[in-house]
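Worksheet: one structure, shown below.
Numbering (this note's numbering), first residue to last: 7 to 171.
In structure tokens:
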């Protein structure tokens with residue numbers, strides 16, 4: 007399993023965010039039953055940089071809390087059954103790992119949301135990571151029925167890790 011974590015935000019987090027992110031990612035992988043070792047990139051940044059990324063890749067010129075860039079096209083969310091049919095597109099040729107995609111988290115937004123929602127920054131980072139992981143598995147929340155499924159999966163993972171509000 008390769009989890010690359012970069013930190014370029016000016017504001018510093020006062021806990022072991024790398025260990026937390028790794029725990030959440032592994033719990034999501036286990037929960038979803040991903041049969042492969044995977045490669046995931048996580049970038050911690052600030053509001054201005056995430057705004058620029060959001061603008062460049064989604065044509066939305068505002069900051070957001072988290073962005074997810076899935077590298078896999080699923081027939082249906084969380085269905086890993088056909089990925090080996092296109093090894094060249096989905097697997098790193100050097101490591102053999104499934105390339106799941108990239109997660110970008112705004113530290114500024116996470117700190118503000120933790121305060122706004124009345125929970126810890128650890129819980130907010132864990133939530134944003136889990137949320138993004140389910141996007142990397144092909145889930146979305148654009149319609150209410152899909153949102154409920156995704157939200158339940160996120161909460162199940164956080165409950166399993168005993169990360170609560």
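Built from N, CA and C at the ideal position, the CB exists for glycine as well.
- Following the DSSP letters along the chain, one finds residue 10 inside the beta strand (DSSP E) bounded by residues 8 to 13.
- Rounded to the nearest angstrom, the gap between the Cα atoms of residue 92 and residue 78 is 10 Å.
- Shown here, residue 134 sits in a helix according to DSSP, grouped into three states.
- Looking at 142, 168 and 156, the one whose alpha-carbon comes closest to that of residue 44 is 142.
- The Cβ neighbour count for residue 21, taken over all protein chains shown within 10 Å, is under 16; the residue is labelled exposed.
- Nearest neighbour of residue 56 by Cα position, chosen from 128, 132, 146 and 113, turns out to be 113.
- Checking the DSSP bridge columns, you'll see residue 107 partnered with 46 and 76.
- Residue 143 sits in coil when the DSSP states are folded into three classes, being neither helix nor strand.
- Cβ neighbours of residue 67 within its own chain (closer than 6 Å, five residues either side excluded): 61.
- The stretch 11 to 31 and the stretch 80 to 90 do not touch, with fewer than 3 CB-CB distances between them shorter than 8 Å.
- Bounds of the alpha helix (DSSP H) holding residue 154 are 150 to 166.
- The beta carbon of residue 120 lies closer than 8 Å to those of 126, 127, 129 and 130 in the same chain, with the five residues before and after it left out.
- Rounded to whole angstroms, the Cβ separation of residue 48 and residue 72 is 10 Å, and the two are not in contact under 8 Å.
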